[in-house]
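This report concerns only the one structure given below.
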Amino acid sequence: MSENNQHRARKRFGQNFLHDAGVIHRIMRAIHAQPGERLLEIGPGQGALTGDLLSSGAQLDVIEIDRDLVAMLNHQFANNPAFHMNQGDALKFDFNSLNPAPRSLRVVGNLPYNISTPLIFHLLANAGVIRDMHFMLQKEVVERLAATPGGGDWGRLSIMVQYHCRVEHLFNVGPGSFNPPPKVDSAIVRLTPHEVLPCPAKDHRLLERVVREAFNQRRKTLRNTLKALLSSAEIEACGVDGSLRPEQLDLAAFVRLADQLSQQASQQTSAS
Ligand code: SAM
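Here it is as structure tokens:
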């Protein structure tokens with residue numbers, strides 16, 4: 400038995416190890432890493448993707464939280480000068496510590512499902528240094544990321560991610576491709592930060608606030624959910640029908656609502 404096979408998967412770290420060579424090959428084809436590129440793998444685990452990522456000739460940083468796996472990965476890859484281990488929690492990792500050039504970092508990961516949403520938000524806060532991201536996620540999360548307005552999947556995650564990135568749902572992966580098999584289906588998604596934001600908000604934090612408030616009670620009308628922030632007249636002034644539900648609004652409409660709030664905030668500041 401190899402050293403890798405002796406590791407018992409830890410549930411608290413969301414460990415479901417990919418063993419399907421066909422899926423690994425499709426992921427590598429989607430990433431298409433080239434010599435000299437900067438890659439960052441989050442949660443390399445037992446190295447299912449790591450060896451192939453290194454074979455591309457790219458520079459590879461990895462972040463792994465599990466000390467036992469860190470030891471195994473170092474044993475396997477540390478003699479390769481293109482490999483660099485960062486032991487710790489990806490949610491706390493400072494991506495600028497890698498000194499990446501703008502839009503250079505290619506992020507890859509079969510992510511632990513319990514931290515995937517906060518991790519994506521943490522990465523988006525550093526979107527300026529990221530060229531693209533390829534993630535294995537719960538299929539349901541990928542459907543929310545790639546959703547369009549009008550359906551039940553459209554919500555805070557879709558809007559805030561699509562504000563920053565182009566989203567491509569590449570392909571689905573069944574539970575049998577992992578060991579142990581997860582209880583849910585998975586999918587591979589590509590997120591590519593926009594070079595120029597298609598719908599820039601005056602204040603990004605106000606966009607987050609409007610979207611959070613609106614979807615807090617997604618069955619209610621906007622007039623109701625947003626009443627602490629905007630009056631009916633202010634909502635209508637943005638060209639938005641206040642009797643709609645939040646899931647019926649596209650990103651551009653949410654940005655208009657956020658900009659209306661920014662305008663109010665600046666009027667209040669100049670009046671005081
Ligand atoms: N990439 C491997 C594969 O495809 O087989 C492992 C994937 S497994 C779903 C998730 C990996 O992320 C595990 O190795 C786990 O230890 C690691 N991990 C979990 N939480 C983490 C965190 N907060 N920061 C960094 N790595 C983490």
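Going left to right, the sequence shown walks through residues 400 to 671 as this note's numbering numbers them. All residues carry an ideal CB built from backbone N, CA and C; glycine is no exception.
Under 7 Å between the Cβ atoms of Ile558 and Leu629?
no
Secondary structure, alpha helix (DSSP H): runs of 4+ residues fully inside the stretch 456 to 515
466 to 476
Neighbour-count burial assignment, Gly456, 16 or more Cβ in a 10 Å radius
exposed
If Tyr512 sits next to Gln537, beta carbons under 8 Å apart, how far is it from one beta carbon to the other, in whole angstroms?
5 Å
Suppose the cutoff is 7 Å on Cβ atoms and the five residues either side in sequence are ignored; what does the same chain contact list for Ala375 look like?
Only positions 400 to 671 of the chain appear in the structure, and residue 375 is not among them; the question remains open.
Identified DSSP bridge partners for Val572:
Ser585
Residue range of the alpha helix (DSSP H) that Leu648 falls in?
Leu648 -> no alpha helix (DSSP H), and no H or E assigned at all.
Using three-state DSSP, classify Glu635 as helix, strand or coil.
helix
Distance cut-off 6 Å: Leu569 Cβ against heavy atoms of the ligand MN:
Ligands in the displayed structure: the ligand SAM; the ligand MN is not one of them.
Bridge partners of Glu357, per DSSP?
Because the chain here runs from 400 to 671, residue 357 falls outside it and cannot be looked at.
Any non-hydrogen atom of the ligand SAM closer than 6 Å to Phe476 Cβ:
no
Give the straight-line distance between the Cα atoms of Ser661 and Asp451, rounded to the nearest whole angstrom.
47 Å
Under the DSSP definition of a beta bridge, which residues are partnered with Ile529?
Leu504
Burial state of Leu417, where buried means 16 or more other Cβ atoms lie within 10 Å:
buried
Can you tell me which of the three DSSP states Arg617 falls into?
coil
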